[in-house]
């Protein structure tokens, strides 16, 4: 079991993206090892326990499992990672929040909720980050694009599914909510 835990750790550490259990199993098979999905899941749990007193943790997101820095340490490193050209603006995050909660939604509907127009640059930026995509067109005159969030959005915001978003309470409107990186 210890060897399996080490294999899982190596796979998660070397991957630049979340990894599904089925992918982990295939990689382990390539190393001439056998492991059942239940054994791999137990290895992931045991490995995460090893990280209790560490700056690392294993997180399950929509696309699988990933090894990452714990939130309290990632905030310390934020200045190192920040790129001024890609900072997220309040308008961008507000637009993304509206799309996440109201999807699928048109640009006009977003503007109606926000009370201001949504710039093409915001939609382009969200699309380039692969947080939103066009999911179709609304069956109204002009056939405007309908936007919805992507798996990458779920992964980046540490969500397994869109149902994991915080609930909107009566005291908060959708524009009061703020999505944060874990």
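In this note's numbering, the protein residues as written are 30 to 211.
Think of the CB as a built atom: it goes at the ideal place given N, C-alpha and C, for glycine as much as any other residue.
Proximity winner among the options, relative to residue i (alpha-carbon distances)
i, options, result
"residue 90", "147, 187, 154, 62", "187"
"residue 138", "149, 161, 195, 176", "176"
"residue 81", "97, 70, 127", "97"
"residue 84", "73, 197, 99, 129", "99"
"residue 71", "147, 131, 30", "30"
"residue 196", "185, 145, 127", "127"
"residue 150", "67, 79, 120", "120"
"residue 50", "33, 44, 66", "66"
"residue 163", "93, 133, 143", "133"
"residue 43", "62, 95, 145", "95"
"residue 62", "45, 32, 41, 185", "32"
"residue 184", "35, 48, 168", "48"
"residue 46", "92, 78, 35, 34", "92"
Contact set for residue i: own chain, Cβ-Cβ below 8 Å, skip 5 residues either direction
i, result
"residue 129", "178, 182, 191, 194, 208"
"residue 161", "125, 128, 152, 155, 176, 177, 178, 179, 182"
Residue i, enclosing alpha helix (DSSP H) - first and last residue
i, result
"residue 187", "No alpha helix (DSSP H) contains residue 187, which DSSP labels as neither H nor E."
"residue 23", "Outside the modelled stretch of the chain, which goes from 30 to 211, sits residue 23, for which no answer is possible."
Residue span of the beta strand (DSSP E) that contains residue i, given as start and end
i, result
"residue 161", "161-166"
"residue 178", "174-178"
Cut-off 6 Å between Cβ atoms - residues of its own chain near residue i, not counting five sequence neighbours on either side
i, result
"residue 211", "Only weak support is given to the placement of residue 211: the predicted model assigns it a pLDDT of 42, under 50, and the value that follows is read from those uncertain coordinates. Contacts found: 100, 187."
"residue 165", "175"
"residue 102", "84"
Neighbourhood of residue i by C-beta, 7 Å cutoff - its chain only, sequence neighbours within 5 removed
i, result
"residue 147", "124, 136, 139, 140"
"residue 37", "53, 69, 72, 73, 76"
"residue 114", "Low confidence applies here, because residue 114 scores a pLDDT of 45, under 50, leaving its location unreliable; read the following figure in that light. Answer for residue 114: no residue qualifies."
"residue 40", "48, 53, 56"
"residue 64", "33, 54, 57"
Residue i CB to nearest heavy atom of the ligand HEM below 6 Å
i, result
"residue 38", "What this structure holds is no ligand at all, so the ligand HEM is not there to describe."
The region 156-168 in contact with the region 56-67 per 3-pair CB rule at 8 Å: Not touching, per the Cβ criterion.
Whole beta strand (DSSP E) elements within the region 77-136, 3-residue minimum: DSSP runs (the beta strand (DSSP E)) wholly in the region 77-136: 85-90, 93-98.
Ordered list of alpha helix (DSSP H) runs contained in the region 32-61, each at least 4 residues: For the region 32-61, the continuous alpha helix (DSSP H) assignments of 4+ residues that do not extend past its boundaries occur at 50-59, in sequence order.
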